[in-house]
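Working notes, beginning with the structure itself.
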Amino acid sequence: MKNTLLPDTQNKKDIRNIVINQVGIKDILHPINFVNRDNASHPSVANFTMTVELPANVKGTHMSRFIEILNDRECNFGIESFMNLVQKVADKLESNDAQVIVDFPFFRNKKAPSSGVQSLLDYQATLIGSIIDSEPDLSIKVVVPVTSLCPCSKSISKYGAHNQRSHITIEAKASEGEIIYLEDLIDLAEQKASSELYAILKRDDEKVVTERAYENPAFVEDIVRDIAVELNANKKVSYYCLESENFESIHNHSAYALIKNQK
């Protein structure tokens, strides 16, 4: 039975007259089922940050309501349905401004290029959904691990060339009425790298991957420019921020490049 005698301190009026732009919960882990491009559901564990705007005259928000939303039922969503969760936060917290950021490992089943052996490779995915003055806004981001091989090293070396693992990060927003999937961004990044990665490689596969990287050298500048060309031409994309970081194998630093574009 609800105890009506307990004071509701957070609902008291605040006299400082200052709006809090974002208030809520941060870094809460919760199981999810993510629906991919092929409409298949994949379980994962996500890190959530959930916030709303707090009016100037209200002392505090209802923190427990954020947790209630996550525990109300199974947390299932994909790119097309994620904004329903953000709207639920806005409605339950009675706010016109809400934001949900969710980070989670996204797995894809990949076949090795020669043997065909299958294995799961993980990508770090982020969905950022906002409602501002009741208007929805969604951006998706994914970090794609790849191989890059240095063109300069290949041109000056008598034997081989140095290569390294690289992280290509693409954040994108879709044009009105369009949908961009995580897999779309992953496919693009892997196509423009010297070589994509696999969790399992047999000897024949290792030969293919090594030679593929050698045949497709790319500076960090080449990677971001090649991807930007595709994103610029893609009418589904209204905004992107594209980064590449090469974890150098012969230096104790990374090579880095960034391109962003608001169409």
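First residue of the sequence shown: 1, per the UniProt record's numbering; consecutive thereafter.
Heads up, the beta-carbon is just placed ideally off N, CA and C, and yes, glycines get one too.
Return the residue from the list the options that minimises the CA-CA distance to residue i.
i	options	result
Y240	N216, E171 and E230	E171
Q118	T126, Q124 and N109	N109
N232	N71, L188, I140 and S166	L188
A213	K235, P151, L258 and V143	P151
L121	F107, K207, E196 and N21	F107
S44	P105, L5, N11 and R65	P105
L185	I156, N234, F247 and N76	N234
L197	R165, I180, N21 and E230	R165
N21	A40, N11 and T61	T61
N39	N76, Y123, T210 and V208	N76
N57	S81, I32, A46 and R16	R16
Give a yes or no on whether the C-beta atoms belonging to residue i and residue j are separated by under 7 Å.
i	j	result
L14	K59	This sequence places Asp at residue 14; Leu is not what is there. Their beta carbons are under 7 Å apart, which means D14 touches K59 by this criterion.
F34	H42	yes
K173	S139	yes
L182	A125	yes
H145	H162	In the sequence on display, residue 145 carries Pro and not His. No, Cβ-Cβ distance for P145 and H162 is not below 7 Å.
D97	I132	yes
M50	I18	no
S195	T147	yes
V86	V102	no
V224	S244	yes
R65	L93	yes
K141	I180	no
How far does the alpha helix (DSSP H) with residue i in it reach, from first residue to last?
i	result
C152	P151 to I156
A213	R203 to E215
F82	F82 to K92
I250	Premise fails: I250 is in no alpha helix (DSSP H) and is neither H nor E.
D27	No alpha helix (DSSP H) contains D27, which is instead part of the beta strand (DSSP E) from I20 to V35.
S64	M63 to N71
N232	V220 to A233
A174	No alpha helix (DSSP H) holds A174; the beta strand (DSSP E) holding it covers N163 to A174.
Can you tell me whether residue i is buried or exposed? The criterion is at least 16 other CB atoms within 10 Å of its CB, across all chains shown.
i	result
E221	exposed
Q262	exposed
D27	exposed
K111	exposed
L70	buried
In chain order, what residues of the same chain lie with their CB nearer than 8 Å to the CB of residue i, ignoring the 5 residues before and after it?
i	result
D204	S114 and S115
Once you ignore the five residues that flank residue i on each side, which residues in its own chain have a CB closer than 6 Å to its CB?
i	result
T169	V143 and E243
I259	V224, A228 and L242
Which residues mark the beginning and the end of the beta strand (DSSP E) in which residue i is found?
i	result
D122	Q118 to I132
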